[in-house]
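Asks: According to numbering that gives the first Met the number 0, numbering within the sequence shown proceeds without interruption in unit steps and concludes at 248. Got a structure for you, questions after.
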Amino acid sequence: MTLTHLKIQELLDGDRAHECDDDSRVCVRIASIAELPTRFGDFHIVAFYNNKDDKEHAAIVKGDVTDGEDIPMRLHSECLTGDALGSLRCDCRDQLEAALTAIGKMEKGIVLYLRQEGRGIGFTNKIRAYGLQDYGLDTVEANLALGFRDDERDYEVAAHMLKSLKVKSIQLMTNNPKKIADLTRYGVNISGRIPHVLPPNPHNEFYLRTKAAKSGHLIDFSGKEHLLEQIDRPIVKGMTAEQIKALYE
Ligand SMILES: [Zn+2]
Ligand SMILES: [Zn+2]
0 MTLTHLKIQE LLDGDRAHEC DDDSRVCVRI ASIAELPTRF GDFHIVAFYN NKDDKEHAAI
60 VKGDVTDGED IPMRLHSECL TGDALGSLRC DCRDQLEAAL TAIGKMEKGI VLYLRQEGRG
120 IGFTNKIRAY GLQDYGLDTV EANLALGFRD DERDYEVAAH MLKSLKVKSI QLMTNNPKKI
180 ADLTRYGVNI SGRIPHVLPP NPHNEFYLRT KAAKSGHLID FSGKEHLLEQ IDRPIVKGMT
240 AEQIKALYE
């Protein structure tokens with residue numbers, strides 16, 4: 000069952016005057032909802048207002064998730080170069096497409112799309128980090144800036160977005176069981192975990208050939224350091240247990 004016009008109106012009306020009383024916290028509010036047919040299936044797109052950083056966060060919603068339990072949910076951070084341009088320096092697009100493809104086939108599900116390029120360091124700083132890499136400089140620093148940042152606020156915003164959508168419990172699509180604790184801390188009720196496994200393709204084949212990715216450092220076939228920009232380390236179908244373990248060390 001999809002979100003009806005009545006349900007959409009209820010969500011919008013209910014959120015119009017919403018404000019969290021504790022003003023130190025991140026507060027979001029549903030600003031607008033529309034149908035979004037995509038190549039991955041028919042979704043609704045939800046635009047959120049938030050009081051902290053003027054970022055226009057989004058939820059891509061399949062089916063009527065209000066009052067829903069065990070709703071499959073994926074958390075994705077915006078990556079212009081990967082998501083929109085198909086960059087091979089990261090796996091963001093593969094991760095996003097895999098999530099949308101999976102949820103598009105389900106009755107209900109949500110992708111929370113956080114508008115924070117480069118894991119929150121911003122687009123310009125991300126391109127600076129790429130540029131440094133091109134000159135062989137500061138690769139570790141670039142990686143630290145992009146790959147290993149774990150912003151508490153991501154989880155706080157995500158938790159509030161789920162609350163705004165009146166979702167009762169989720170099944171988190173993640174490869175990292177630790178993320179369950181991170182979201183739980185902000186009041187998200189997580190009833191299960193769904194492993195997020197990417198289909199192998201010529202672009203991510205190096206994951207299958209790399210013996211061990213130490214500290215998330217991976218060199219792709221073109222010799223470029225491959226950055227892990229999403230919260231989650233990617234698992235490509237066919238990776239060995241050792242390879243998966245190495246990604247999380
Ligand atoms: Zn609030
Ligand atoms: Zn990316």
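Think of the CB as a built atom: it goes at the ideal place given N, C-alpha and C, for glycine as much as any other residue. Note that this is a predicted model, so its numbers are computed, not measured.
Could you tell me the alpha carbon to alpha carbon distance between Lys223 and Leu113, rounded to whole angstroms?
Replies: Here the question's residue 223 lines up with position 224 in the sequence shown. Here the question's residue 113 lines up with position 114 in the sequence shown. Their Cα atoms are separated by approximately 26 Å.
Asks: Which residues count as close to ligand 1 when the rule is a CB under 7 Å from any of its heavy atoms, in chain order?
Replies: Having a Cβ closer than 7 Å to some heavy atom of ligand 1 are His17, Glu18, Cys19, Cys26, Val27, Arg28 and His159.
Asks: Is DSSP giving Tyr134 helix, strand or coil here?
Replies: Locating residue 134 in the sequence shown gives position 135, counting from the first residue. Three-state DSSP puts Tyr134 in coil, outside helix and strand.
Asks: At 4 residues or longer, and completely inside the segment 2 to 72: list those alpha helix (DSSP H) runs for me, N to C.
Replies: Correct list: 4 to 14.
Asks: Return the CA-CA distance between Thr37 and Ile102, expressed in angstroms with no decimal places.
Replies: The sequence position of residue 37 within the sequence shown is 38, counting from 1. The sequence position of residue 102 within the sequence shown is 103, counting from 1. For Thr37 and Ile102, the distance between alpha carbons rounds to 12 Å.
Asks: Would you say Thr183 touches ligand 2, meaning its beta carbon is less than 7 Å from a heavy atom?
Replies: Counted from its first residue, the sequence shown places residue 183 at position 184. Incorrect: Thr183 has no Cβ contact closer than 7 Å to ligand 2.
Asks: Would Arg73 pass as a contact of Met0 if the rule is Cβ separation under 8 Å?
Replies: As a first step, residue 73 is located in the sequence shown; it is residue number 74 there, counting from the start. As a first step, residue 0 is located in the sequence shown; it is residue number 1 there, counting from the start. No.
Asks: Start and end of the alpha helix (DSSP H) containing Ile243?
Replies: Counting from one through the sequence shown, the residue named residue 243 turns up at place 244. It spans Ala240 to Leu246 - the alpha helix (DSSP H) in which Ile243 sits, taken as one unbroken run.
Asks: Measure from the alpha carbon of Asn50 to the alpha carbon of each residue in Val156, Ala180 and Ile234, then state which is nearest.
Replies: Residue numbering aside, residue 50 sits at position 51 when the sequence shown is read from its first letter. When only C-alpha atoms are compared, the closest one is Val156.
Asks: Between Ser86 and ligand 2, is there a pair consisting of the residue's CB and a ligand heavy atom that are separated by less than 7 Å?
Replies: Indexing the sequence shown from 1 puts residue 86 at position 87. Yes, the Cβ of Ser86 comes within 7 Å of a heavy atom of ligand 2.
Asks: Is there contact here, the segment 186 to 201 with the segment 92 to 101, by at least three beta-carbon pairs under 8 Å?
Replies: Yes, since at least three Cβ pairs between the segment 186 to 201 and the segment 92 to 101 fall closer than 8 Å, the two stretches touch.
Asks: Can you look up Leu164 in the DSSP assignment and give me helix, strand or coil?
Replies: Translated into positions along the sequence shown, residue 164 becomes position 165. Leu164 falls in the coil class under three-state DSSP.
Asks: Only counting runs of 4 or more residues, tell me where the alpha helix (DSSP H) segments fall wholly within the segment 180 to 212, in order along the chain.
Replies: For the segment 180 to 212, whole alpha helix (DSSP H) runs of length 4 or above, ordered along the chain, are 204 to 208.
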